[in-house]
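Data block below; observations after.
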Amino acid sequence: MCEALISLLQLSDSPGIVYVSSSAGKLEYVSNEWAKAVLGDVENLTEERVDGVLSQYLKDYKEGSWETKGWPAYLSAYKLSKAAMNADTRILAKKYPGICINCVCPGYVKTDINYYTGI
1 MCEALISLLQ LSDSPGIVYV SSSAGKLEYV SNEWAKAVLG DVENLTEERV DGVLSQYLKD
61 YKEGSWETKG WPAYLSAYKL SKAAMNADTR ILAKKYPGIC INCVCPGYVK TDINYYTGI
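1 is the number of the first residue of the sequence shown in UniProt numbering; add one for each residue after it.
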């Protein structure tokens with residue numbers, strides 16, 4: 001989605017993209033060591049490598065073996081989706097150095113995912 005808008009953003013004097021992520025997407029919460037290594041290898045990170053991590057997670061999840069294969073036991077899909085978003089942010093920022101591309105982790109805020117118990 002963001003790449004579809006890049007040409008429009010480049011018309012701006014100060015183009016920027018901000019992803020809203022979560023601290024749950026920190027690599028320290030990705031317990032699968034292979035996935036952590038792939039997502040943490042910033043120099044060699046590509047969309048295909050991120051897709052590979054997510055595909056492997058989905059395969060293991062469908063087989064019911066995600067926990068035994070080292071994926072997070074609690075909120076695994078959420079954690080992996082946010083880790084993938086953070087990785088995508090790195091990929092886009094490297095690909096488009098003239099655009100300020102970043103992600104933020106705003107903390108525990110009121111949303112429907114936490115039944116509006118946040119701040």
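Note that the Cβ used here is the ideal one computed from N, Cα and C, for glycine as well.
Apart from the five residues on each side of it in sequence, which residues of its chain come closer than 7 Å, Cβ to Cβ, to residue i?
i	result
SER21	LYS82, MET85, ASN86, CYS103, VAL104 and CYS105
Run through DSSP, which three-state label would residue i get?
i	result
CYS103	strand
ILE17	strand
SER55	helix
VAL50	helix
For a quick check, are the C-beta atoms of residue i and residue j less than 8 Å apart?
i	j	result
ALA35	TYR78	no
LEU27	LEU39	yes
GLY16	ILE99	yes
LYS69	ASN114	no
TRP66	TYR57	yes
In the DSSP assignment, the alpha helix (DSSP H) including residue i goes from what residue to what residue?
i	result
THR89	76–95
GLU33	33–40
ILE113	Segment: none, ILE113 is in no alpha helix (DSSP H) and carries neither H nor E.
ALA24	Careful: ALA24 lies outside any alpha helix (DSSP H) and carries neither H nor E.
LEU5	2–9
Just how far apart, CA to CA, sit residue i and residue j?
i	j	result
LYS110	GLY118	4 Å
ASP51	LEU80	11 Å
VAL30	GLU43	19 Å
PRO72	LEU11	41 Å
ALA37	SER7	32 Å
Enumerate in chain order the residues of its own chain whose CB-to-CB distance from residue i is below 8 Å, with the five nearest sequence positions on each side excluded.
i	result
LEU9	PRO15, GLY16, ILE17 and ILE99
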